[in-house]
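S.K.: These protein sequences, in sequence, are chains A and B. Its first residue numbered 1365, the first sequence is counted upward by one per residue in our numbering. Its first residue numbered 1365, the second sequence is counted upward by one per residue in our numbering. Before I ask anything, let me first share the structure, which is written out below as structure tokens.
2 protein chains.
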Amino acid sequence: MLSTYSTADKVLLALDCIIFGFDQHQLKILLIKRDFEPEKGKWSLIGGFLKRTETLDEAANRILQHLSGLDDIYLEQLYTFSEVDRDPGERTLSTAYYALINSENHTQVAKGAYSAQWFNIEDAPNLIFDHGEMVEKAILRLRRRAVSKPIGFELLPEKFTMLQLQKLYEAILDEKLDKRNFINKVNALDILIKLDEKDMTSSRKGSYLYQFDKQKYDQKIEEGFTFKL
Amino acid sequence: MLSTYSTADKVLLALDCIIFGFDQHQLKILLIKRDFEPEKGKWSLIGGFLKRTETLDEAANRILQHLSGLDDIYLEQLYTFSEVDRDPGERTLSTAYYALINSENHTQVAKGAYSAQWFNIEDAPNLIFDHGEMVEKAILRLRRRAVSKPIGFELLPEKFTMLQLQKLYEAILDEKLDKRNFINKVNALDILIKLDEKDMTSSRKGSYLYQFDKQKYDQKIEEGFTFKL
DNA sequence: TTTGTTAAATGTGATTTAGACACTTAAATT
DNA sequence: AATTTAAGTGTCTAAATCACATTTAACAAA
């Protein structure tokens, strides 16, 4: 028989966020040192519990916003983890979300509440519970998404150079890319605005800044265009 | 502040399965007529509630096995749905799974408990709650997976003809494919065993039967092969 | 035994896409 | 004016994809 409502077990549902950032060189994740038991003092993802009155998306936004003060963060549900003993304290499931934050706001975030700290994904510390597994899964998801949707742009400041974009994709995909081929490909997509402005910090010649053109992108999607990088 | 365990709300966590089948022509899903309130008498996915002592994967297997008696069904977690009012009865979240069942076992399944019935995905009835949304999401997921992992084979009997395989992929992708190109592509993958046996039901000449070679597939994966259909 | 019927099986050439690869240019510094 | 530094740019080759039509095996009917 199907269970009926009255006999069914209720559970705690946590929500943990894998927050990705990018600092021009490396993919980073934001971790906190847990200030409560169990596993107090160890590193973990940022998380909280779902309230009865909110959806998971709302909870994820609440947790992130509270942490960073940021609105309109790219957020996507990843997976619900349910090993019976994943949290030694009490039977708790956790739905993992991943977030992409652009580097202009990094500093602000890291200074927020909690002892939050950015780590390169390669040299992040061991995490509590199954948080390590969550991070792995998030990286795989990010990798797949980044080549089929323009979510990579979420990790960059509004104006960026081609090199920055390339470095970002190299970090996400974990492979070196050819400069000319990369630029050709990106230009073929025809969803960037080339600004008159140049970034002069990196060279004498200066490199042109670009902006993601969401309008154009949406319109192209409408017309059946598929992003493929 | 992060919520602590004691103050956090507990919720009911349901689990609903989108069960896909294939009948040589059409992609199908298995639905049941609900025999309890709320929404008694309406069509819904097959589901149940998570028990405190099991993982979601285990619950999904339990629910499916109970329904069909089948073991070793392809199952994958899809998404956790959490709209506050999705179930008018009580605050209930639901993690959706999708399952692939091969047609040899269709009859057996449909004769199982409940008034379960197969529907073409195009002309399925309206479903309760957010089950329609779940089905849509499952179809999209199936479509993406089927071209990057050989899960399509899960929907066919052990021995199948090339045409059956092609029809299946046409049903999943919802587009017509060219026979020669399809066969060339499949043969290039080199993960099928061509049997001496022929299927004589469809023509005078008869068409060769094939089998998916899991051993060979796994070995190729080992060697860095990526399935791409 | 020949002929007809039905669906299965098969291959090639054209086009498009992806990948490798190296020199020139702009702007600031000395 | 000469030097330095990173930015910007194009072509050729290989591989993958796509479009496309005829032949073959098996049985049935004459």
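For every residue, glycine included, the Cβ atom is placed at its ideal position computed from N, Cα and C.
Is it true that the CB of Val1550/A sits closer than 9 Å to the CB of Leu1593/A?
M.R.: Within the first sequence, numbered from 1, the residue matching residue 1593/A stands at position 229. Within the first sequence, numbered from 1, the residue matching residue 1550/A stands at position 186. Result yes, Cβ atoms of Leu1593/A and Val1550/A sit closer than 9 Å.
S.K.: So is Tyr1574/A in contact with chain B if we call contact Cβ pairs under 9 Å?
M.R.: Position 210 of the first sequence holds residue 1574/A. By this cut-off, Tyr1574/A is not an interface position.
S.K.: Would Asp1494/B pass as a contact of Glu1454/B if the rule is Cβ separation under 9 Å?
M.R.: Within the second sequence, the letter at position 130 stands for residue 1494/B. Within the second sequence, the letter at position 90 stands for residue 1454/B. Not in contact: Asp1494/B and Glu1454/B (Cβ atoms no closer than 9 Å).
S.K.: Under 8 Å, CB to CB, which of the residues in the segment 1446-1457 of chain A have a partner in chain B?
M.R.: If the cut-off is 8 Å between Cβ atoms, the segment 1446-1457 of chain A has Ser1446, Glu1447, Val1448, Gly1453, Glu1454, Arg1455, Thr1456, Leu1457 near chain B.
S.K.: At the 9 Å Cβ level, is Thr1565/B part of the contact set with chain A, yes or no?
M.R.: By one-based count along the second sequence, residue 1565/B stands at place 201. It does not: the Cβ of Thr1565/B has no partner Cβ on chain A nearer than 9 Å.
S.K.: Closer than 7 Å by beta-carbon distance: list the chain B residues that pair up with Ala1372/A, in chain order.
M.R.: As a working mapping, residue 1372/A is identified with position 8 in the first sequence. What Ala1372/A touches in chain B: Leu1376, Phe1413.
S.K.: For Gln1528/A, does the count of other Cβ atoms within 10 angstroms reach 16, so buried, or fall short, so exposed?
M.R.: Numbered from its first residue, the first sequence carries residue 1528/A at position 164. Its Cβ being crowded by 16 or more others within 10 Å, Gln1528/A is buried.
S.K.: Note down the Cα distance separating Glu1522/A from Thr1456/B, rounded to an integer number of angstroms.
M.R.: Counted from its first residue, the first sequence places residue 1522/A at position 158. Counted from its first residue, the second sequence places residue 1456/B at position 92. If you take the alpha carbons of Glu1522/A and Thr1456/B, they lie about 39 Å apart.
S.K.: Provide the residue(s) that pair with Asn1336/A in DSSP beta bridges, ordered along the chain.
M.R.: This structure gives no information on residue 1336/A, because the portion of chain A shown stretches from 1365 to 1593.
S.K.: Is any non-hydrogen atom of the ligand SAH found closer than 8 Å to the C-beta of Asn1545/A, if you look at the structure I gave you?
M.R.: In the structure shown, the ligand SAH is absent, as is every other ligand, since no ligand is present at all.
S.K.: Sort out for me which residues DSSP pairs Thr1525/B with in a bridge.
M.R.: Your numbering for residue 1525/B matches position 161 in the second sequence. Answer by DSSP bridge pairing, in chain order: Leu1573/B.
S.K.: Compute the beta-carbon to beta-carbon distance between Leu1520/A and Tyr1533/A, rounded to the nearest angstrom, for a pair I have assumed lies under 8 Å.
M.R.: For this step, residue 1520/A is matched to residue 156 along the first sequence. For this step, residue 1533/A is matched to residue 169 along the first sequence. That belief does not hold up - the Cβ atoms of Leu1520/A and Tyr1533/A are roughly 10 Å apart, past 8 Å.
S.K.: Quick check: what's the CA-CA separation for Glu1586/A versus Phe1445/B?
M.R.: Counting from one through the first sequence, the residue named residue 1586/A turns up at place 222. Counting from one through the second sequence, the residue named residue 1445/B turns up at place 81. Cα to Cα, Glu1586/A sits roughly 27 Å from Phe1445/B.
S.K.: When burial is assigned at 16 or more other CB atoms within 10 Å of the CB, is Phe1400/A buried or exposed?
M.R.: As a first step, residue 1400/A is located in the first sequence; it is residue number 36 there, counting from the start. It counts as exposed.
S.K.: Going along the chain, which residues of its own chain have a beta-carbon closer than 8 Å to the beta-carbon of Val1375/A, five neighbours each way excluded?
M.R.: Translated into positions along the first sequence, residue 1375/A becomes position 11. These residues qualify, in order along the chain: Arg1455, Thr1456, Leu1457.
S.K.: Which partner residues of Val1375/A appear in the DSSP bridge assignment?
M.R.: If you number the first sequence from 1, residue 1375/A lands on position 11. Answer is Val1375/B.
S.K.: Go ahead and pull the three-state DSSP assignment for Leu1520/B.
M.R.: Taking the second sequence and counting its residues from 1, the one referred to as residue 1520/B is at position 156. Reduced to three states, the DSSP call for Leu1520/B is coil.
S.K.: Between the alpha carbons of Gly1412/A and Ala1372/B, how many angstroms are there, rounded?
M.R.: By one-based count along the first sequence, residue 1412/A stands at place 48. By one-based count along the second sequence, residue 1372/B stands at place 8. Cα to Cα, Gly1412/A sits roughly 9 Å from Ala1372/B.
S.K.: Give the DSSP bridge partners of Thr1562/A, in chain order.
M.R.: Taking the first sequence and counting its residues from 1, the one referred to as residue 1562/A is at position 198. Checking the sequence, you will find Lys at residue 1562/A rather than Thr. In the DSSP output, where bridge partners are listed per residue, Lys1562/A has Tyr1572/A.
S.K.: Cβ closer than 9 Å: which chain A residues qualify as neighbours of Arg1416/B?
M.R.: For the purposes of this step, residue 1416/B is identified with residue 52 of the second sequence, where counting begins at 1. The contacting residues are Asp1373, Lys1374, Val1375, Val1448, Arg1455.
S.K.: Using a Cβ-Cβ cut-off of 8 Å (strictly less than) and excluding sequence neighbours within five positions of Thr1417/B, which residues of its own chain qualify?
M.R.: Position 53 of the second sequence holds residue 1417/B. The answer is none, since no qualifying residue turns up.
S.K.: Comparing the C-beta of Leu1348/B with each C-beta of chain A, is any distance below 9 Å?
M.R.: One cannot answer for residue 1348/B here, as it falls past the ends of chain B, which runs 1365 to 1593.
S.K.: May I ask you to list the residues that DSSP assigns as paired with Leu1556/A?
M.R.: Working through the first sequence from its first residue, we reach residue 1556/A at position 192. Answer is Phe1576/A, bridged to Leu1556/A.
S.K.: Please list the terminal residues of the continuous alpha helix (DSSP H) segment that includes Gly1496/A.
M.R.: Locating residue 1496/A in the first sequence gives position 132, counting from the first residue. Taken as a continuous stretch (DSSP letters only), the alpha helix (DSSP H) holding Gly1496/A covers 1495-1510.
S.K.: Put Ser1446/B into one of helix, strand or coil per three-state DSSP.
M.R.: As a first step, residue 1446/B must be located in the second sequence, where it is residue number 82. DSSP places Ser1446/B in coil when its eight states are reduced to three.
S.K.: Could you list which residues in chain B have their beta carbon closer than 7 Å to that of Gln1429/A, in chain order?
M.R.: Against the first sequence, residue 1429/A aligns to sequence position 65. What Gln1429/A touches in chain B: nothing, since even the nearest Cβ is about 14 Å away.
S.K.: Please classify Ile1427/A: is it buried, with 16 or more other beta-carbons within 10 angstroms of its beta-carbon, or exposed?
M.R.: Working through the first sequence from its first residue, we reach residue 1427/A at position 63. So Ile1427/A counts as buried.
S.K.: Just checking my contact of Ile1515/A with Arg1509/A at CB under 8 Å: how many whole Å lie between their CB atoms?
M.R.: As a working mapping, residue 1515/A is identified with position 151 in the first sequence. As a working mapping, residue 1509/A is identified with position 145 in the first sequence. 5 Å between Cβ atoms; contact.
S.K.: From what residue to what residue does the beta strand (DSSP E) around Glu1410/A run?
M.R.: As a first step, residue 1410/A is located in the first sequence; it is residue number 46 there, counting from the start. Checking the sequence, you will find Ile at residue 1410/A rather than Glu. Counting along the chain, the beta strand (DSSP E) containing Ile1410/A begins and ends at 1410-1413.
S.K.: When we look at the beta-carbon of Ser1370/A and count the other beta-carbons within 10 Å, is it buried (16 or more) or exposed?
M.R.: Within the first sequence, the letter at position 6 stands for residue 1370/A. Its Cβ having fewer than 16 others within 10 Å, Ser1370/A is exposed.
S.K.: Counting Cβ pairs closer than 8 Å, one from the segment 1572-1592 of chain B and one from the segment 1551-1558 of chain B, do we hit at least three?
M.R.: Short answer: they touch.
S.K.: Measure the C-alpha to C-alpha separation of Leu1391/A and Phe1546/B and round it to an integer number of angstroms.
M.R.: As a first step, residue 1391/A must be located in the first sequence, where it is residue number 27. As a first step, residue 1546/B must be located in the second sequence, where it is residue number 182. Taking the straight line joining both Cα atoms gives about 39 Å.
S.K.: Indicate whether at least one CB of chain A lies closer than 9 Å to the CB of Tyr1438/B.
M.R.: Taking the first residue of the second sequence as 1, we reach residue 1438/B at position 74. Output row for Tyr1438/B: interface = no.
S.K.: Does the beta-carbon of Asp1538/A have 16 or more other beta-carbons within 10 angstroms, so that it is buried, or is it exposed?
M.R.: For the purposes of this step, residue 1538/A is taken as the residue at position 174 of the first sequence. Asp1538/A comes out exposed.
S.K.: From the DSSP output, read off the bridge partner residues of Leu1439/B.
M.R.: Start at 1 with the first residue of the second sequence, and residue 1439/B comes out as number 75. Its beta-bridge partners are Ala1463/B.
S.K.: Starting from Asn1425/A, trace the alpha helix (DSSP H) in both directions and tell me its first and last residue.
M.R.: In the first sequence, the residue the question calls residue 1425/A occupies position 61. Per DSSP, Asn1425/A belongs to the alpha helix (DSSP H) from 1420-1432.
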